[in-house]
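Student:
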Ligand code: ATR
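Right, here's the structure in full:
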């Protein structure tokens with residue numbers, strides 16, 4: 249039941265109609281019996297500052313930020329969490345005294361999704377495919393969880409190098425290195441933990457993987473694909489065919505939302521059965 253005392257949160261984006269966050273958040277609020285409502289807000293690119301100030305004046309407790317505003321929103325925030333600073337993008341605003349504090353829950357979402365699926369990062373040799381926005385969150389997670397080493401494989405070597413340099417600087421150790429995609433044969437040994445963050449293979453371009461050579465996948469024992477449409481990507485098929493374990497990006501998406509929900513409702517820990525129901529609902533919505 250939504251009363252006059254309801255906690256109000258929402259998501260800003262341009263466009264915003266495709267966002268699954270309203271579905272997920274309102275479901276959780278209802279399942280937990282909270283007086284909580286989450287609304288989609290379509291905000292034009294040149295009105296992000298106005299929107300943030302307006303939301304604060306309207307009493308919004310929290311706001312998610314989606315494409316293309318994740319960086320644009322940063323100048324309008326009172327404070328930035330280390331996650332947002334390191335990833336260079338914000339996806340969650342939490343109300344504080346003077347305005348909003350910006351967080352990025354993508355790394356937490358990926359980390360929890362991996363943990364729940366039995367993928368431990370600490371001490372592991374890792375592969376990061378891609379060097380864009382999603383890769384930055386994964387790189388930050390690898391640093392925070394103390395991966396033994398990370399090889400970033402990317403089409404543009406420059407982008408991979410600059411991400412590796414940035415994370416090596418932050419970590420104070422040279423644990424990340426960059427390679428162009430086609431030089432994957434330089435990877436020594438096997439049993440790598442891989443995270444796939446490129447858009448290759450995403451609907452409507454199913455049937456492709458960023459590396460098509462089956463030999464590459466023999467090096468991977470566990471992998472997470474950030475893509476969640478289709479539910480089973482070509483990348484996942486290759487990993488599984490080579491005997492490895494693979495998960496798609498749906499849990500990542502769900503847990504980044506749960507992390508925001510728990511930042512806004514610090515007294516709440518969303519129970520596993522509710523998360524299971526959220527997953528079913530999202531799968532139904534995505535794949536019918
Ligand atoms: P996101 O925020 O979703 O990570 P992005 O920042 O545009 O999106 O990054 C897209 C990633 O997919 C990049 O690593 C990109 O490689 P480049 O840095 O070389 O551009 C990668 N990517 C996209 N299309 C690709 C393709 N056809 N082949 C290989 N890599 C591709």
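In this note's numbering, the protein residues as written are 249 to 536.
Glycine included, C-beta positions come from ideal geometry on N, C-alpha and C.
Please give the ranges of any alpha helix (DSSP H) in the stretch 269–327, keeping only runs that are unbroken, at least 4 residues long and fully inside the region.
Tutor: Within the stretch 269–327, the complete alpha helix (DSSP H) runs of at least 4 residues are 269–279 and 296–305.
Student: Inspect the beta-carbon positions of residue 451 and residue 478 and report whether they are closer than 8 Å.
Tutor: Contact flag set, yes.
Student: To the nearest angstrom, how far is it from the Cα of residue 413 to the Cα of residue 249?
Tutor: Taking the straight line from one Cα to the other gives about 50 Å.
Student: Name the two residues that bound the continuous beta strand (DSSP E) containing residue 261.
Tutor: Per DSSP, residue 261 belongs to the beta strand (DSSP E) from 255–261.
Student: Pull up the distance between the alpha-carbon of residue 343 and that of residue 421, whole angstroms please.
Tutor: Near 35 Å, if we compare the C-alpha coordinates of residue 421 and residue 343.
Student: Let's test the definition: count the other Cβ atoms within 10 Å of the Cβ of residue 365 and tell me whether it reaches 16, buried, or not, exposed.
Tutor: Residue 365 is exposed by the Cβ-count criterion.
Student: Could you please give me the residues that DSSP links to residue 340 through a beta bridge?
Tutor: Beta-bridge pairing links residue 340 to 312 and 351.
Student: Give the single residue among 516, 532 and 535 whose Cα lies nearest to the Cα of residue 279.
Tutor: Among 516, 532 and 535, the Cα nearest to that of residue 279 is on 516.
Student: Between residue 314 and residue 256, is the Cβ-Cβ spacing less than 8 Å?
Tutor: It is not a contact, given that the beta carbons lie outside the stated cut-off.
Student: Name the DSSP beta bridge partners of residue 375, please?
Tutor: In DSSP, residue 375 forms a bridge with 399 and 442.
Student: Return the CA-CA distance between residue 308 and residue 258, expressed in angstroms with no decimal places.
Tutor: Distance between the alpha carbons of residue 308 and residue 258: 8 Å.
Student: Considering only heavy atoms of the ligand ATR, does any lie closer than 7 Å to the CB of residue 382?
Tutor: At least one heavy atom of the ligand ATR is nearer than 7 Å to the Cβ of residue 382, so yes.
Student: Please give the ranges of any alpha helix (DSSP H) in the stretch 452–528, keeping only runs that are unbroken, at least 4 residues long and fully inside the region.
Tutor: Listed in chain order, they are 462–465, 482–489 and 498–512.
Student: Checking the sheet assignment: what are the DSSP bridge partners for residue 425?
Tutor: In DSSP, residue 425 forms a bridge with 399.
Student: Going by other Cβ atoms of all chains shown within 10 Å of its Cβ, with 16 needed for buried, is residue 211 buried or exposed?
Tutor: This structure gives no information on residue 211, because the portion of the chain shown stretches from 249 to 536.
Student: Can you give the Cα-Cα distance for residue 274 and residue 284, rounded to whole angstroms?
Tutor: In a straight line, the C-alpha of residue 274 is about 7 Å away from that of residue 284.
Student: Measuring CA to CA, which of 488, 356, 443 and 369 is closest to residue 394?
Tutor: Nearest option by C-alpha distance: 369.
Student: Determine, using beta carbons only, whether residue 380 comes closer than 8 Å to chain D.
Tutor: Looking for chain D here will not work: only one protein chain is present.
Student: Run the CB neighbour count on residue 317, radius 10 Å, all protein chains shown included, and call it buried at 16 or more, exposed below.
Tutor: It is buried - the Cβ of residue 317 has at least 16 other Cβ atoms within 10 Å.
Student: Tell me the rounded alpha-carbon separation between residue 397 and residue 405.
Tutor: For residue 397 and residue 405, the distance between alpha carbons rounds to 18 Å.
Student: Cβ of residue 378 within 7 Å of any heavy atom in the ligand ATR?
Tutor: Under cutoff, so the answer is yes.
Student: Applying the criterion that 16 or more other CB atoms from any shown protein chain within 10 Å of the CB defines a buried residue, is residue 499 buried or exposed?
Tutor: Buried, since its Cβ has 16 or more Cβ neighbours within 10 Å.
Student: With respect to 7 Å, is the separation between the Cβ of residue 373 and the closest non-hydrogen atom of the ligand ATR below this value?
Tutor: No; taking the cut-off as 7 Å, the Cβ of residue 373 has no heavy atom of the ligand ATR nearer than that.
Student: Pull up the distance between the alpha-carbon of residue 526 and that of residue 423, whole angstroms please.
Tutor: Spanning the two alpha carbons is a distance of roughly 36 Å.
Student: Quick test of the definition: if touching needs 3 or more C-beta pairs under 8 Å, does the stretch 483–492 touch the stretch 323–330?
Tutor: Taking 8 Å as the limit for Cβ pairs, the verdict is that the stretch 323–330 does not touch the stretch 483–492.
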